[in-house]
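Worksheet for the structure shown next.
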Amino acid sequence: MKVVVQRVKEASVTNDTLNNQIKKGYCLLVGIGQNSTEQDADVIAKKIANARLFEDDNNKLNFNIQQMNGEILSVSQFTLYADVKKVTVQVSQILKILIKR
29 MKVVVQRVKE ASVTNDTLNN QIKKGYCLLV GIGQNSTEQD ADVIAKKIAN
79 ARLFEDDNNK LNFNIQQMNG EILSVSQFTL YADVKKVTVQ VSQILKILIK
129 R
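Numbering (the working numbering), first residue to last: 29 to 129.
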């Protein structure tokens, strides 16, 4: 499992039928691999919840998202597992995972 965490002032995701948005918080790009487990998700969730990525009055990263009453927008990003060694992106392993589910 791979997660990219980006601290945001606001973020939104829109498709044809759904619009999700948050104010201050994290935008997560989440890639779930073939060997990812629920235990991996639990460990990563705890790390994200406890990460001190918000500044205090002294501009030191001292507050976590809960202390800031922040929000989280999580976006599925299967390309985090793409093979980019070649000129074109290879997503064959990703497709195998998606087909199994």
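No residue lacks a Cβ here, since even glycine has one placed at the ideal position from N, Cα and C.
The model shown is predicted, which means the values in this text are computed figures rather than measured ones.
field: DSSP beta-bridge partners of residue 106
entry: By 1-based counting over the sequence shown, the position of residue 106 is 78. Per DSSP, residue 106 has no beta-bridge partner at all.
task: Report back the beta-carbon spacing between residue 29 and residue 64 to the nearest angstrom; my notes put them in contact at under 8 Å.
output: Here residue 29 refers to the residue found at position 1 of the sequence shown. Here residue 64 refers to the residue found at position 36 of the sequence shown. That belief holds up - the Cβ atoms of residue 29 and residue 64 are roughly 4 Å apart, short of 8 Å.
task: Kindly indicate which residue of 85, 69, 99 has the alpha-carbon position closest to the one of residue 58.
output: As a first step, residue 58 must be located in the sequence shown, where it is residue number 30. Of the candidates 85, 69, 99, the one whose C-alpha sits nearest the C-alpha of residue 58 is 69.
- prompt: Helix, strand or coil: how does DSSP classify residue 100 here?
  reply: Walking along the sequence shown from the start, residue 100 turns up at place 72. In this structure, residue 100 counts as strand in the three-state DSSP scheme.
task: For residue 48, collect the residues of the same chain with a Cβ closer than 7 Å to its Cβ; drop the 5 residues on either side in sequence, then sort them by chain order.
output: Translated into positions along the sequence shown, residue 48 becomes position 20. Cβ contact annotation for residue 48 (same chain, cutoff 7 Å, sequence separation greater than five): 40, 41, 101, in chain order.
field: residue 33 versus residue 72 - alpha carbon distance
entry: Against the sequence shown, residue 33 aligns to sequence position 5. Against the sequence shown, residue 72 aligns to sequence position 44. If I take the Cα positions, the gap works out to 11 Å.
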